[in-house]
Structure formats: structure tokens, C-alpha cells
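Peer 1:
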Amino acid sequence: MEILKQFGIDPILLAAQVVNFLILLFILKKLLYKPLLGVLETRKNKIEESLKNAEEIEKRLNETGEREQEAILKSAKEGEKIIKEAGDSAAQIIEEAKKKYKDIVTRAAEDAKKLNEAEKVKLQQEIKDSVADFVVLALERITGKVLTQSQKKEILAKNINNYK
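Mapping the sequence shown onto our numbering, position 21 (from 1) lands on 16, and the numbers just tick up by one.
#1: Would you be able to state if there are at least three C-beta pairs under 8 angstroms between the stretch 133 to 149 and the stretch 112 to 124?
#2: Can you tell me whether Thr142 is helix, strand or coil according to DSSP?
#3: What residue range is occupied by the uninterrupted alpha helix (DSSP H) comprising Leu19?
#4: Could you give the distance in angstroms between the alpha-carbon of Asp98 and the alpha-carbon of Ser84?
#5: Can you tell me the Cβ-Cβ gap for Leu151 and Ala127, rounded? I've got them flagged as a contact below 8 angstroms.
#6: Between Gly139 and Arg102, what straight-line distance do the alpha-carbon atoms span, to the nearest angstrom?
#7: Could you tell me the distance, in whole angstroms, from the CA atom of Lys175 to the CA atom of Pro30?
#8: Would DSSP call Gly3 helix, strand or coil?
#9: From Leu9 to Lys41, what distance separates their C-alpha atoms?
Okay, here's the thing in C-alpha cells:
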């Protein structure tokens, strides 16, 4: 203790200052330090929560972007498929139209040919009838006889058979 007195330190005063310091430390700890630490802890928690929310939002944004890209690619593929199907359908419709056109043209040509043949046969028959009438008329004038209907048919039958 003598050393303390040589340095000018009073032990009672030192003990009182230590007690005062401890009381002050206790008061500061209870009144100032704990509320300050509570505010800092609350703020720290809010910051951590905000960071977690930001990460979650960024993750959702990335997922949404990926889904959007997938949807765009899917839509593009479907569009290409629809265009291809439309092209195939158009080609098929054109091909069917060409076939129908050819069938119609072929039928029209056949019908025209049949009609032409019918007209030809009709015309030949009319010519034969006219020639037959002319031959009968000529025979009547040459022979001076009036031929009966049966004689006319007989003469016509002989002459037609000769020309066939």
C-alpha cells in the first residue's frame, strides 16, 4: 500500500471510483446499451430479411424470364408448325383442284367427242335418207313408174348394204 501512497493514490477514493464506475456501467448497460443493441439487432434482422426478399424476387424474376423465353420458343415452334401445316394443306388443296380440273376437262372432252359422234351419226343418217329419197325419186323419173312403199324399202336396203 505504500507504493500506492507514493504514487498519490488513495485506496478508499480508488475503491469509490471503481464502485462509481461499476454503477455507471450498470446504468448505461441497462438504459442505453440494451436498447441500442435491440435497435441494432432489429435493423440487422430487417436488412437480412430485405436481402432474402431481394434474392427471392431476383430468383422469381429469373424464373419468370426463363418461363417467358420458353413460352416464346414454344409459340414460335407452334407458329412454324401451323405455317407448315397451312402450306401442306394449301399444296394438297391445289393438287386436288388440279386433279378435279383434269377430270372435268377429260369428261368435257369425252362428252364433246360423244356429242360429235352422235351428230356425225345423225348427219350420216340424214344424208343416207336424203340420198335414198333422191335415188327413189331418180328411179321414178327414169323408169316413169311410181314405186310402192315396199319397193322403195327394198331398193334402199340393197343400196345401203352396198355402201356400208
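The C-beta atom is built at its ideal place from N, Cα and C for all residues, glycine as well.
What you are looking at is a predicted structure, and each value in this text was computed from that prediction instead of being measured.
Peer 2: Reading from the atomic positions:
#1: no
#2: Checking the sequence, you will find Leu at residue 142 rather than Thr. The answer is coil: DSSP assigns Leu142 none of H, G, I, E or B.
#3: Pro6 to Leu23
#4: 21 angstroms
#5: 5 angstroms
#6: 54 angstroms
#7: In the structure as shown, the chain starts at -4 and stops at 159, and residue 175 therefore has no counterpart that could be examined.
#8: coil
#9: 45 angstroms
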